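Following: one structure in C-alpha cells, then a few remarks.
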Amino acid sequence: MLAVTSPVVLIAMLAVRATSPGPAIFSQPRVGRGGAVFSCHKLRTMHRNTPSLPTHEAPAGSVTAVGKVLRATKIDELPQLWNVLRGEMSLVGPRPCLPTQTELIGYRQRLGVLSALPGITGLAQIKGIDMSDPKLCAETDAAYMKAASIGLDLRILLGTFYRA
3 MLAVTSPVVL IAMLAVRATS PGPAIFSQPR VGRGGAVFSC HKLRTMHRNT
53 PSLPTHEAPA GSVTAVGKVL RATKIDELPQ LWNVLRGEMS LVGPRPCLPT
103 QTELIGYRQR LGVLSALPGI TGLAQIKGID MSDPKLCAET DAAYMKAASI
153 GLDLRILLGT FYRA
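Using our numbering, you'd call the opening residue of the sequence shown number 3 and step up by one each time.
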C-alpha cells in the first residue's frame, strides 16, 4: 500500500513545501495501545508555529490552503501507513489522541478502548464524531470494538473514502 500511495504523498509533500515554510511531514506524540505513546506521522496541514492542540481546538486560520485540500481528501493521513507498517496503528480503529487529552484517555481506559491498536480511521470519524466530546467519542470507540469485524472495517474504510 505504501508503494501505491507514495506518488500521491510525494506530490502532496512538494505542495506543502512550495506553499508553506517548514517540514512537509508533521510528527506528534499520540496515545496508542495500552496507553503507550508513539510518534504519529501526517502531512503538515497547519502553519509551522501553530500550537500542538487537538484539531477542534486549533486557532482559526491555522490551516494552510493546501492543508484544507489535504484534509478534505484525507491525503494528510497517508504517512500513517508507516505507523501501520511499524505495528503502532491499524487501518481501522479508535483514532489516537494527544497525551494531553486526559479526559478522553480516562474514558477510553474505563471502557477498554486502549487495548486496541489505534486506527487511521474509525467508526467515530465516519459518524462525524470528533474528540471535542470525549465521552461520546470513547463510547463510539467501545461500540466499534464490541462489533469489530472485517465487514465493519470495510464499511468504515469505504465510508472514509466516501466522506472525502
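Glycine included, each C-beta is placed from N, C-alpha and C at the ideal position.
Note that this is a predicted model, so its numbers are computed, not measured.
- With a 10 Å radius around the Cβ and a threshold of 16 neighbouring Cβ atoms, Y146 comes out buried.
- Contact between the segment 48-60 and the segment 116-124 is absent: fewer than three C-beta pairs spanning the two stretches fall below 8 Å.
- A distance of 8 Å or more separates the beta carbons of H58 and M3.
- According to the DSSP assignment, R165 belongs to the alpha helix (DSSP H) that extends over 152-165.
- For G69, the enclosing alpha helix (DSSP H) covers residues 67-75.
- Of all alpha-carbon atoms in P81, G161, S8, the one lying nearest the alpha-carbon of S29 is that of P81.
- Counting only the Cα atoms, P23 lies some 31 Å from P96.
- For the segment 85-150, the continuous beta strand (DSSP E) assignments of 3+ residues that do not extend past its boundaries occur at 92-94, 121-123, in sequence order.
- Per DSSP, the beta bridge partners of Q30 are C42.
- Taking 8 Å as the upper bound for CB-CB distance, L100 and R32 are in contact here, some 6 Å apart.
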